Amino acid sequence: MWKEFDQFVRKMFYFTNGKNIVLWGYDSNGLFIQHLFERVNRKIEYIVDDISIHPKVSIMRSAEIKFITPDIYVVIIAGKPNMEKDRFLEEKGFREDISYIYAGKWLYAEVDYNDIWENVSYYGYLEKKFDVDILEKKTIDKIERPREDCLNYAPGMGYPLVDVLDNFTFTNNDAVFDFGCGKGGALLLFKKGGVRKLGGVEYDKQLYDIICDNFKKMNIEIENIVNGDAALIRNELDSYNYFFMYNSFQGETFRQVINNIEESWKRKKRRIIFIYSGTYCHKDVIEHGIFKLSKQIYTDYSVRNVKVYMIDE
Numbered sequence: 044m045w046k047e048f049d050q051f052v053r054k055m056f057y058f059t060n061g062k063n064i065v066l067w068g069y070d071s072n073g074l075f076i077q078h079l080f081e082r083v084n085r086k087i088e089y090i091v092d093d094i095s096i097h098p099k100v101s102i103m104r105s106a107e108i109k110f111i112t113p114d115i116y117v118v119i120i121a122g123k124p125n126m127e128k129d130r131f132l133e134e135k136g137f138r139e140d141i142s143y144i145y146a147g148k149w150l151y152a153e154v155d156y157n158d159i160w161e162n163v164s165y166y167g168y169l170e171k172k173f174d175v176d177i178l179e180k181k182t183i184d185k186i187e188r189p190r191e192d193c194l195n196y197a198p199g200m201g202y203p204l205v206d207v208l209d210n211f212t213f214t215n216n217d218a219v220f221d222f223g224c225g226k227g228g229a230l231l232l233f234k235k236g237g238v239r240k241l242g243g244v245e246y247d248k249q250l251y252d253i254i255c256d257n258f259k260k261m262n263i264e265i266e267n268i269v270n271g272d273a274a275l276i277r278n279e280l281d282s283y284n285y286f287f288m289y290n291s292f293q294g295e296t297f298r299q300v301i302n303n304i305e306e307s308w309k310r311k312k313r314r315i316i317f318i319y320s321g322t323y324c325h326k327d328v329i330e331h332g333i334f335k336l337s338k339q340i341y342t343d344y345s346v347r348n349v350k351v352y353m354i355d356e
């Protein structure tokens, strides 16, 4: 499933071997490219952007990069094709695909990429490769008969979850269950991280139909995906040791889900890890003294600190 994506990453790393790296464009595409380099501890020397202001790093304006030359620099352009950028670089001796690249062209080399430049990402790749539906959001007013504690569907940016999963080493026996699994994006990133058994529950029938269609297109088993109320999932939880939630709901539904996981642990003692990317219900998780907060991971999600809880055997 990830073969061509991984080839793109290797090709981009090879392109930058032995050179200083300039990343031109720091929108969502640029953040994603920086994520790919940070995962393997490779440094991007300069980030250039004329619009975005981001607090994490120093950003240079395009007028400040007149010093770069192709003998010691390569340039990765995160955004759309731009004749002015082409002209600027080529006047300095850069050549496309030799000393500068458009990341979108390399990732979507065999696709008509006129309309996809804004999404160089894990989910963007899956949508273009397999014609799946992950990125489009769904607000609570569009969800059929929502419970009062349901929240909007949003896939997140993808790469912050991969950053979180880099904190874990998964074995062949690990299994993850996603509460409010939406269109399946998070489960697909768990799969990329090495988890073989995937499960989840999605309340909204339309979102459930989409995740089933997505998984069929990617030839992934869907028998463990349930359309229903997360609070009613009980015995099925005994087969899982990792649980994930991306702020899908709060209130009584959340409290019942935590109770159900704790009851599952009592039936079948095992180490359980709960990864929760919306920290609003922290007190509900630790209320009974069974779950213990074991780690906080800073991410680029809107809720910055992902909390990791653990129940030991």
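Going letter by letter, the sequence shown gives residues 44 to 356 in the working numbering.
Note that beta-carbon positions come from the ideal geometry of N, C-alpha and C, so glycine has one too.
Computed from a predicted model, the values in this text were never measured in an experiment.
When burial is assigned at 16 or more other CB atoms within 10 Å of the CB, is residue i buried or exposed?
i	result
Asp-247	buried
Ser-337	exposed
Met-77	For the sequence presented, residue 77 should be read as Gln rather than Met. Per the 10 Å Cβ criterion, buried.
Phe-137	buried
Thr-112	exposed
Tyr-341	exposed
Asn-262	exposed
Val-205	buried
Gly-321	buried
Ala-152	exposed
Ile-254	buried
Gly-237	exposed
Name the DSSP beta bridge partners of residue i, please?
i	result
Glu-245	Asn-270
Asn-195	Bridge partners of Asn-195: none, in fact.
Trp-67	Val-91 and Ile-120
Met-44	Answer by DSSP bridge pairing: none, since Met-44 is not bridged.
Gln-339	Lys-350
Met-357	What is shown of the chain runs 44 to 356, which leaves residue 357 out entirely.
Met-103	Val-91
Only counting the same chain, and skipping five residues up and downstream in sequence, which positions put a Cβ closer than 7 Å to that of residue i?
i	result
Ile-115	Lys-62 and Asn-63
Phe-75	Val-163, Ser-164 and Tyr-202
Tyr-283	Ala-218, Val-219, Phe-220 and Gly-242
Trp-45	Lys-235
Asn-303	Ile-276, Arg-277 and Leu-280
Val-100	Ile-90
Gly-122	Gly-68, Asp-70, Asn-72 and Trp-160
Closer than 6 Å by C-beta to residue i: which residues in its own chain qualify, once you throw out the five before and the five after it? Chain order, please.
i	result
Tyr-319	Met-288 and Lys-350
Trp-308	Ile-315 and Ile-354
Excluding five sequence neighbours on each side, which residues of the same chain lie with their C-beta closer than 8 Å to the C-beta of residue i?
i	result
Phe-258	Gly-227, Glu-264, Ile-265 and Ile-268
Arg-130	none
Lys-312	Glu-356
query = Which runs of the beta strand (DSSP E), 3 residues or longer, sit entirely within the stretch 297-328?
reply = Those beta strand (DSSP E) runs which fall completely within the stretch 297-328 and span 3+ residues are 315-319.
message = Contact between the stretch 179-197 and the stretch 133-150 is defined here as three or more beta-carbon pairs at a separation below 8 Å; is this criterion met?
response = No contact exists between the stretch 179-197 and the stretch 133-150.
query = Between the stretch 237-254 and the stretch 208-226, are three or more C-beta pairs nearer than 8 Å?
reply = Remark: three or more beta-carbon pairs, one from each stretch, lie closer than 8 Å, so the stretch 237-254 and the stretch 208-226 are flagged as touching.
inquiry  = Contact between the stretch 207-221 and the stretch 247-266 is defined here as three or more beta-carbon pairs at a separation below 8 Å; is this criterion met?
reply    = In this structure the stretch 207-221 does not lie against the stretch 247-266, because fewer than three pairs of beta carbons, one per stretch, are closer than 8 Å.
task = Check whether the stretch 197-215 touches the stretch 276-283, taking contact to mean three or more Cβ pairs, one atom from each stretch, closer than 8 Å.
result = They do not touch, by the three-pair rule.
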